[in-house]
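A quick write-up on the structure given underneath.
Residue numbers (the working numbering), protein chains in the order written: chain H, 9 to 124; chain F, 157 to 273.
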């Protein structure tokens with residue numbers, strides 16, 4: 009079964025510092041991967057997606073992620089954190105085929121705190 | 157683009173009543189929509205996949221008679237929590253997939269917080 013692990017339930021950075029949120033997947037076949045952000049009491053907003061095109065994916069709000077097959081990773085980064093980036097971030101995966109294709113499995117989420 | 161509207165945002169009701177939640181794709185057609193449940197400080201758990209014009213597919217452990225799903229049009233899916241009890245209190249979130257390809261991203265509504273007294 010597909011699974012995704014987000015290392016670190018809480019990440020704290022200073023405003024202007026690099027943001028790195030980690031996501032690893034378990035699958036013998038590279039899946040499709042997504043990063044979403046959730047603000048309190050709201051739904052999820054898509055940041056970016058990997059669907060087997062370029063391995064370095066650029067998303068909204070200055071975020072990007074790199075798909076590394078050898079490391080089964082899809083870490084999310086942003087060069088300089090803003091206070092408005094404080095939220096919870098979810099990595100999600102769907103297999104590239106099979107009966108679960110198209111269904112998302114979410115990681116446990118990482119709460120990003122940005123302090124002045 | 158790709159806006160999903162979910163209503164209501166908050167519902168408080170007595171135990172035993174039924175509650176209907178609507179999920180609409182406002183600017184695209186969605187043949188497939190999804191319903192999730194999120195417990196406090198936890199991730200999203202898929203409850204069911206809603207397909208326009210056909211029966212929903214429920215995940216293991218989800219009671220289909222408790223959580224009724226209807227997807228009568230390409231822009232609307234509804235989730236009805238029947239005879240709700242306090243343990244059904246949760247944050248319910250819908251999503252809609254844009255386009256026909258299953259690797260396309262899902263776009264999410266803002267969720268419905270359901271509180272059963």
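A virtual CB, placed ideally from N, CA and C, is assigned to each residue, including glycine.
- For residue 180 of chain F, the enclosing beta strand (DSSP E) begins and ends at 175 to 181.
- For the region 250 to 270 of chain F, the beta-carbon criterion of a distance under 9 angstroms to any beta-carbon of chain H is satisfied by 250, 251, 253, 257, 258, 259, 260, 261, 262, 263, 264, 265, 266, 267 and 269.
- If you check the CB distance, residue 251 of chain F and residue 52 of chain H come in under 9 angstroms.
- Under the Cβ distance rule, residue 33 of chain H does not count among the residues neighbouring chain F, no pair being separated by less than 9 angstroms.
- Using a CB distance cut-off of 9 angstroms, residue 113 of chain H counts as an interface residue toward chain F.
- Taking C-beta atoms as the reference points, residue 101 of chain H and residue 84 of chain H fail to come closer than 9 angstroms.
- When rounded, the separation of the alpha-carbon atoms in residue 172 of chain F and residue 237 of chain F is 10 angstroms.
- Distance from the CA of residue 31 of chain H to the CA of residue 118 of chain H, rounded to the nearest whole angstrom, comes to 10 angstroms.
- In the DSSP annotation of this structure, the continuous segment of the beta strand (DSSP E) that includes residue 81 of chain H starts and ends at 81 to 86.
- Taking C-alpha positions only, residue 195 of chain F is separated from residue 269 of chain F by approximately 10 angstroms.
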